[in-house]
Structures are given as C-alpha cells and as structure tokens.
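Count along the sequence shown from 1, add 3, and you get the number used in this note's numbering.
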Amino acid sequence: MNMMESIVEDRVSPEDLRKFEAKYLSALKNGFVPPTTQFDYSWCLIRSESMSRVREGVKLLEDLYKKSGENDEKRDYLFYLAIGNTRIGEYNKALNYTEAILKVEPKNSQSHQLHEYITKRRNKEGLIGAAVAGGAAVAVLGGLIGLGMRMCIL
Numbered sequence: 004m005n006m007m008e009s010i011v012e013d014r015v016s017p018e019d020l021r022k023f024e025a026k027y028l029s030a031l032k033n034g035f036v037p038p039t040t041q042f043d044y045s046w047c048l049i050r051s052e053s054m055s056r057v058r059e060g061v062k063l064l065e066d067l068y069k070k071s072g073e074n075d076e077k078r079d080y081l082f083y084l085a086i087g088n089t090r091i092g093e094y095n096k097a098l099n100y101t102e103a104i105l106k107v108e109p110k111n112s113q114s115h116q117l118h119e120y121i122t123k124r125r126n127k128e129g130l131i132g133a134a135v136a137g138g139a140a141v142a143v144l145g146g147l148i149g150l151g152m153r154m155c156i157l
C-alpha cells in the first residue's frame, strides 16, 4: 500500500469520531464553531465507514473552504476535499481539487501523488465497471438468443 492509498483508506476509530463529534456539537450549540473544531470533525467524518458521514464531512470542508481567506488553509481544505471525494467515488471532483492545488503550487509533491492515485483508482474502477456492464450485456444477449431460438423451434 502506497502513502496516498494509506491516507485515503485510513479509518477513524469510533472513540475519536464520538469525541470530535461531541466537541463539534457542543460548539454548534454554543453558537460558534471554531474552524479547527469543524476541520477536526470533518476529517473524522471523511475517514468514517459510512458513506453518508463521508459526504457530511465533505460538506463541512466545503463550508470551511468558502469561509477561509488564507491560502494555506484553502490548500489544505482542497487536499482533504480530494480525499473525501475519492472515498465516495466522485473522482472528477477529487481530481479538480488536486488540479486546483497544482495550479498554485506546481511542485506540491503530495498533491501530485494524490492526483496520480485518484487517476489510477478511477481508471481501475472504470475498467471494473466496464467489465461488469459487458458481462451483463453478454447475459442479456445470451437470453435474447435463447429466446429467439426457442421461438424458431415453436
């Protein structure tokens, strides 16, 4: 497993998820969520087993990105947005995020590695999807041929 795969495939412990969720919800209840609290919780959500929670984490990161005025923060949010979107199979969005980083920081090696990983994963899943679709088409065609032969016999 390479470094980017280990980052994308990393999972949050249930204890950490509960801890950061409690901290986030408490801040939300008090009327102000510090960006670090929102980021920590969103990073936990992105590493969750639940795809709906990963999507929730992506939304929280998108919100942070929109509110941030700092370039370093924006870069970090884009990086983690790329990871989150990769986890939910939104590869084109994920690649757009890595490309946005690379436009500003063309020598950012982590973003290059993540971009390469996402591209390979998208291509691999595309091939698997094509094979499944091809197999289904063969099965349907076989069924139609069988039905046609049966009709000819009758």
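Just so you know, even glycine gets a beta-carbon here, dropped at the ideal spot from N, CA and C.
Selected residue, minimal CA-CA separation from S45, among D66, E12 and K32:
Taking only the C-alpha atoms, the option nearest S45 is D66.
So, R50 versus R78, is the Cβ gap smaller than 8 Å?
no
Smallest Cα separation from E12: which of R90, L64, L81 and N74?
R90
When you compare only the Cα positions, how much space is there between N59 and L98?
The question names Asn, yet the displayed sequence has Glu at residue 59. Each residue's alpha carbon lies about 19 Å from the other.
In terms of residues, what are the limits of the alpha helix (DSSP H) holding P17?
Residues P17 to K32.
Beta-carbon contacts of A30 that lie in its chain and below 6 Å, excluding the five residues immediately before and after:
V36 and T40
Alpha carbon of L20 to alpha carbon of K127, nearest angstrom
30 Å
By a C-beta neighbour count over all protein chains shown, 10 Å radius and 16 as the cutoff for buried, is E93 buried or exposed?
By the neighbour-count rule (16 or more Cβ atoms within 10 Å), E93 is buried.
Just curious, the alpha helix (DSSP H) that I104 is in, first and last residue?
Y94 to V107
In angstroms, rounded to a whole number, what distance separates the CA positions of N88 and F42?
16 Å
Would you mind reading off the limits of the alpha helix (DSSP H) that contains V11?
M6 to E12
Which of helix, strand or coil DSSP assigns to V57
If DSSP states are grouped into helix, strand and coil, V57 belongs with the helices.
When the Cα atoms are used, what is the spatial distance from L64 to L84?
7 Å
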